[in-house]
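**Student:**
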Amino acid sequence: MKIYNTMTRKKEEFVPIREGKVGIYVCGPTVYDNIHMGNARPMIVFDTLRRYLLYKGYDVNYVSNFTDVDDKIIKRAIEEGVTSSEISERYIEEVMKDMKDLNVMEATTHPKATEEIDDMIAMIETLIEKGHAYEVNGTVYFRTRSFKDYGKLSKKNIDDLEAGHRDEKHALKVSGEGEKEDFLDFVLWKPKKEGEPSWESPWGDGRPGWHLECSVMSKKYIGDIIDIHAGGEDLIFPHHENEIAQSEAANEVEFARYWMHNGFLKIDGEKMSKSLGNFFTIRDIGKKYPLQVIRFFILSAHYRSPLNFADTLVESSKASLDRILTAVGRLEDALNAATDRELNTEEQEVQTRLAEYVTKYENAMEDDLNTADAISVIFEMVKLTNSAISADTAKSLVEEAFTTVGKLCDILGIITKVEAEILDSDIEALIEERQAARKAKNFARADEIRDTLAAQGIILEDTREGVKWKRA
Ligand code: AMP
Ligand code: ZN
Numbered sequence: 068m069k070i071y072n073t074m075t076r077k078k079e080e081f082v083p084i085r086e087g088k089v090g091i092y093v094c095g096p097t098v099y100d101n102i103h104m105g106n107a108r109p110m111i112v113f114d115t116l117r118r119y120l121l122y123k124g125y126d127v128n129y130v131s132n133f134t135d136v137d138d139k140i141i142k143r144a145i146e147e148g149v150t151s152s153e154i155s156e157r158y159i160e161e162v163m164k165d166m167k168d169l170n171v172m173e174a175t176t177h178p179k180a181t182e183e184i185d186d187m188i189a190m191i192e193t194l195i196e197k198g199h200a201y202e203v204n205g206t207v208y209f210r211t212r213s214f215k216d217y218g219k220l221s222k223k224n225i226d227d228l229e230a231g232h233r234d235e236k237h238a239l240k241v242s243g244e245g246e247k248e249d250f251l252d253f254v255l256w257k258p259k260k261e262g263e264p265s266w267e268s269p270w271g272d273g274r275p276g277w278h279l280e281c282s283v284m285s286k287k288y289i290g291d292i293i294d295i296h297a298g299g300e301d302l303i304f305p306h307h308e309n310e311i312a313q314s315e316a317a318n319e320v321e322f323a324r325y326w327m328h329n330g331f332l333k334i335d336g337e338k339m340s341k342s343l344g345n346f347f348t349i350r351d352i353g354k355k356y357p358l359q360v361i362r363f364f365i366l367s368a369h370y371r372s373p374l375n376f377a378d379t380l381v382e383s384s385k386a387s388l389d390r391i392l393t394a395v396g397r398l399e400d401a402l403n404a405a406t407d408r409e410l411n412t413e414e415q416e417v418q419t420r421l422a423e424y425v426t427k428y429e430n431a432m433e434d435d436l437n438t439a440d441a442i443s444v445i446f447e448m449v450k451l452t453n454s455a456i457s458a459d460t461a462k463s464l465v466e467e468a469f470t471t472v473g474k475l476c477d478i479l480g481i482i483t484k485v486e487a488e489i490l491d492s493d494i495e496a497l498i499e500e501r502q503a504a505r506k507a508k509n510f511a512r513a514d515e516i517r518d519t520l521a522a523q524g525i526i527l528e529d530t531r532e533g534v535k536w537k538r539a
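Under our numbering, the first residue of the sequence shown carries the number 68, and numbering increases by one thereafter.
1. From Glu433, Ser492, Ile525, pick the residue whose C-alpha is nearest to that of valine 82; which is it?
2. Buried or exposed, going by whether 16 or more other CB atoms sit within 10 Å of the CB of valine 485?
3. Glutamate 86 to isoleucine 391, Cα distance in whole Å?
4. Identify the continuous alpha helix (DSSP H) that holds methionine 327 and give its terminal residues.
5. Please classify threonine 519 as buried or exposed, where buried requires at least 16 other C-beta atoms within 10 Å of its C-beta.
6. Compute the beta-carbon to beta-carbon distance between lysine 197 and alanine 316, rounded to the nearest angstrom, for a pair I have assumed lies under 8 Å.
7. Keeping to the same chain, check which residues put their C-beta closer than 8 Å to that of isoleucine 178; ignore five residues upstream and five downstream.
8. Between arginine 408 and alanine 461, what straight-line distance do the alpha-carbon atoms span, to the nearest angstrom?
9. Which residue spans inside the segment 368 to 446 form an unbroken alpha helix (DSSP H) run of at least 4?
10. For a minimum of 3 consecutive residues, which ranges assigned as the beta strand (DSSP E) are wholly contained in the segment 84 to 146?
11. Helix, strand or coil: which one does DSSP assign to asparagine 224?
12. On the CB-based measure, 16 or more other CB atoms within 10 Å of its CB, does alanine 323 come out buried or exposed?
13. Can you tell which of Met187, Ala386, Arg371 has the C-alpha that lies nearest to the C-alpha of glutamate 310?
14. Taking 5 Å as the limit, name every residue whose beta carbon sits nearer than that to some heavy atom of ligand 2, in sequence order.
15. With distances taken Cα to Cα, identify the nearest neighbour of asparagine 101 among Asp459, Ile349, Ile195.
16. Within 10 Å of its beta-carbon, does glycine 298 have 16 or more other beta-carbons around it, so buried, or fewer, so exposed?
17. Taking the straight line between their C-alpha atoms, what separation do you get for lysine 78 and methionine 327?
18. I'd like the list of long-range same chain contacts for valine 472, defined as Cβ closer than 8 Å, with 5 residues on each side in sequence excluded.
19. Should arginine 118 be labelled buried (16 or more other beta-carbon atoms within 10 Å of its own) or exposed?
20. Could you compute how far the alpha carbon of isoleucine 145 sits from the alpha carbon of leucine 343?
21. Please say whether leucine 388 and isoleucine 481 have beta carbons closer to each other than 9 Å?
22. Asparagine 309 by DSSP, collapsed to three states: which one?
23. In angstroms, rounded to a whole number, what distance separates the CA positions of asparagine 318 and aspartate 291?
24. Does the separation of the CB atoms of threonine 483 and threonine 115 fall below 9 Å?
25. Taking just the CA atoms, how far does glycine 524 sit from aspartate 477?
26. With distances taken between CB atoms, is the gap from tyrosine 158 to valine 98 smaller than 9 Å?
27. Helix, strand or coil: which one does DSSP assign to isoleucine 526?
28. Taking the alpha-carbon positions, what's the aspartate 135 to alanine 180 distance?
29. Under a Cβ-count criterion, where at least 16 other Cβ atoms within 10 Å of its own Cβ denotes burial, should alanine 522 be classed as buried or exposed?
30. Give me the Cα-Cα distance between alanine 511 and lysine 385, rounded to the nearest whole angstrom.
31. For glutamate 414, collect the residues of the same chain with a Cβ closer than 6 Å to its Cβ; drop the 5 residues on either side in sequence, then sort them by chain order.
32. Between alanine 441 and the rest of its own chain, which residues show a CB-CB distance below 6 Å, the 5 nearest in sequence each way excluded?
33. State the DSSP-derived secondary structure class of asparagine 453, mapped to helix, strand or coil.
34. Should arginine 362 be listed as close to ligand 1, given that the test is whether its C-beta is under 8 Å from any heavy atom?
35. Measure the alpha-carbon distance for asparagine 403 versus leucine 358 and round it to whole angstroms.
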């Protein structure tokens, strides 16, 4: 598979560090509010990468953190008069709900910054020992100029950075950050302010800097070297640049092999963001469209391209996804009606074409996760199955078409899998049990069974001829 590596600005063949295994770290959200569609873009895109790598047979260790200590969380806690952890815990729960509705798989590990403080302190100690960090009045700074490769990801030149910020240097002096040796130095540990969450450290009570959190959590849950490090393109500088500086200075090995960054989700040509106020939360958009549609919409563009949000575009995604879902429904019906027999010549040809589409789809995904092209291939496939497959088609071919379309859609996560469908025999056994419970006047159990079946979309009807049931 080829992956566009932000580090080299080239598409490169993906070669994992350990054969058959991939470690992916995706910078996760700061949990102070519900996520918006822009935040959902990296979640959906890199979940799709993960699904594709799983499809290829890799063992994927997918780590995505929650930044649960941050100024924004503290601000919100003060506004509501609650603790910071109440805010972060509430929004972790909400984000997890949104992720589930977007069909984003749970990460192998979702570390929380506040639970990894000891390791953060340890990394800071290593950096101080190696001369890459220093403490002033309870604040620990990273000595940026001590890391010779600083700027290698964002292609920024350290002297230009310095020159571009002469005025800010003065502002820093005024704000009290003038204690830094160099303007470019950034915070690893900041001292406690009254009313803020804090932890004990060799430099006094305080809390870690944001960049440090990711360096530590990726090391702990993946290792010193990560295969793929990902996030939105706004994270390239300074966040990822600083992560590289910290990790490579501390571990003395390359931090990440491949850097992947998604483009912005925009609205009226501007980045959707909390601060601009031009955002739609996933929660709100979910009231208007099934979130499957949003996932489809996000994947209909290449992940590195900017994507403009507009109702008309989402409407057209809805219509497109409906076409796929209808075709899958037709295949399912055909499968129930088809009979077993050998394939005729025409059917053999359809089978060959199906295989060709799978290759075409894989080629698109192999080319830097081109989901836009992969979706086009699904459409071609659906066109073929709509015209060439019916209840009269040999069952084995219908089955193959059904599972193939399903499998390719599942890599994109665009068809929410219904829980494994309950079998007719199980339904009938439960109905019998319910009848027995009623006879025994155990109405609670009888109602419980009715509810269990209802939750799976099975509707019961008590008639004079006995209990009838149907799938909703
Ligand atoms: P934040 O909570 O702001 O750190 O954002 C979490 C993730 O969402 C990061 O990977 C950001 O790069 C990404 N992100 C935020 N806004 C957008 C946007 N409008 N389009 C694409 N990605 C975004
Ligand atoms: Zn990060």
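The beta carbon of each residue, even a glycine, is placed where N, CA and C say it ideally should be.
On a predicted model such as this, the values are computed, not experimentally measured, just so you know.
**Tutor:** If we stick to the structure as given:
1. For the purposes of this step, residue 82 is taken as residue 15 along the sequence shown, with counting starting at 1. Scanning Glu433, Ser492, Ile525 for the CA closest to the CA of valine 82 turns up Glu433.
2. Along the sequence shown, one-based indexing puts residue 485 at 418. Low per-residue confidence applies at valine 485: pLDDT is 43, beneath 50, and the placement is therefore not dependable enough to give any value.
3. Here residue 86 corresponds to residue number 19 of the sequence shown, with the count starting at 1. Here residue 391 corresponds to residue number 324 of the sequence shown, with the count starting at 1. Going by the C-alpha atoms only, they are around 35 Å apart.
4. Sequence index remark: in the sequence shown, residue 327 carries index 260 (1-based). It is not in any alpha helix (DSSP H) - methionine 327 instead sits in the beta strand (DSSP E) that spans 323 to 329.
5. Counting from one through the sequence shown, the residue named residue 519 turns up at place 452. Counting Cβ neighbours within 10 Å, threonine 519 comes out exposed, since fewer than 16 surround it.
6. Your numbering for residue 197 matches position 130 in the sequence shown. Your numbering for residue 316 matches position 249 in the sequence shown. So it is a contact: roughly 6 Å between Cβ atoms.
7. The sequence position of residue 178 within the sequence shown is 111, counting from 1. Rather than isoleucine, the amino acid found at residue 178 in this sequence is proline. The residues are Val130, Asn132, Phe133, Met284, Lys287, Tyr288.
8. Mapped onto the sequence shown, residue 408 falls at position 341. Mapped onto the sequence shown, residue 461 falls at position 394. Distance between the alpha carbons of arginine 408 and alanine 461: 6 Å.
9. Correct list: 378 to 404, 412 to 433.
10. 88 to 93, 126 to 131
11. What you label residue 224 is simply residue 157 of the sequence shown in a count that begins at 1. Correct three-state label for asparagine 224: coil.
12. Taking the sequence shown and counting its residues from 1, the one referred to as residue 323 is at position 256. It counts as buried.
13. Counting from one through the sequence shown, the residue named residue 310 turns up at place 243. Met187 is the residue among Met187, Ala386, Arg371 whose C-alpha sits nearest the C-alpha of glutamate 310.
14. Cys94, Cys281
15. Counting from one through the sequence shown, the residue named residue 101 turns up at place 34. The shortest Cα separation from asparagine 101 among Asp459, Ile349, Ile195 belongs to Ile349.
16. The residue labelled residue 298 in the question sits at position 231 within the sequence shown. With 16 or more other Cβ atoms within 10 Å, it is buried.
17. One-based indexing of the sequence shown puts residue 78 at position 11. One-based indexing of the sequence shown puts residue 327 at position 260. If you take the alpha carbons of lysine 78 and methionine 327, they lie about 11 Å apart.
18. As a first step, residue 472 must be located in the sequence shown, where it is residue number 405. If we look at valine 472 and ignore the five residues flanking it on each side, its Cβ neighbours are Ile391, Ala394, Val395, Leu398, Ile445, Met448, Val449, Thr452.
19. Translated into positions along the sequence shown, residue 118 becomes position 51. Result: buried.
20. Position 78 of the sequence shown, counted from the start, is the residue given in the question as residue 145. Position 276 of the sequence shown, counted from the start, is the residue given in the question as residue 343. Near 22 Å, if we compare the C-alpha coordinates of leucine 343 and isoleucine 145.
21. In the sequence shown, counting from the first residue as 1, residue 481 sits at position 414. In the sequence shown, counting from the first residue as 1, residue 388 sits at position 321. Contact flag set, yes.
22. By 1-based counting over the sequence shown, the position of residue 309 is 242. Note: asparagine 309 maps to helix in three-state DSSP.
23. Indexing the sequence shown from 1 puts residue 318 at position 251. Indexing the sequence shown from 1 puts residue 291 at position 224. The alpha-carbon atoms of asparagine 318 and aspartate 291 are separated by roughly 7 Å.
24. Here residue 483 refers to the residue found at position 416 when the sequence shown is read from its first residue. Here residue 115 refers to the residue found at position 48 when the sequence shown is read from its first residue. Not a contact, by the Cβ cut-off of 9 Å.
25. Against the sequence shown, residue 477 aligns to sequence position 410. Against the sequence shown, residue 524 aligns to sequence position 457. Looking at the two C-alpha atoms, the distance is approximately 22 Å.
26. Taking the first residue of the sequence shown as position 1, residue 158 is located at position 91. Taking the first residue of the sequence shown as position 1, residue 98 is located at position 31. Cβ atoms of tyrosine 158 and valine 98: closer than 9 Å.
27. Walking along the sequence shown from the start, residue 526 turns up at place 459. Residue state for isoleucine 526 is assigned as strand, using DSSP reduced to three classes.
28. Position 68 of the sequence shown, counted from the start, is the residue given in the question as residue 135. Position 113 of the sequence shown, counted from the start, is the residue given in the question as residue 180. Distance between the alpha carbons of aspartate 135 and alanine 180: 6 Å.
29. Within the sequence shown, residue 522 is the residue found at index 455, counting from 1. Classification for alanine 522: exposed.
30. Taking the sequence shown and counting its residues from 1, the one referred to as residue 511 is at position 444. Taking the sequence shown and counting its residues from 1, the one referred to as residue 385 is at position 318. Near 42 Å, if we compare the C-alpha coordinates of lysine 385 and alanine 511.
31. Taking the sequence shown and counting its residues from 1, one reaches residue 414 at position 347. Ala461, Leu464, listed in sequence order.
32. Locating residue 441 in the sequence shown gives position 374, where the first residue counts as 1. Contacts found: Tyr428, Ala431, Met432.
33. The count along the sequence shown starts at 1 and reaches residue 453 at position 386. Of the three classes helix, strand and coil, the one that applies to asparagine 453 here is helix, per DSSP.
34. Residue numbering aside, residue 362 sits at position 295 when the sequence shown is read from its first letter. Flag unset: Cβ of arginine 362 not near ligand 1.
35. Taking the first residue of the sequence shown as 1, we reach residue 403 at position 336. Taking the first residue of the sequence shown as 1, we reach residue 358 at position 291. Taking the straight line joining both Cα atoms gives about 29 Å.
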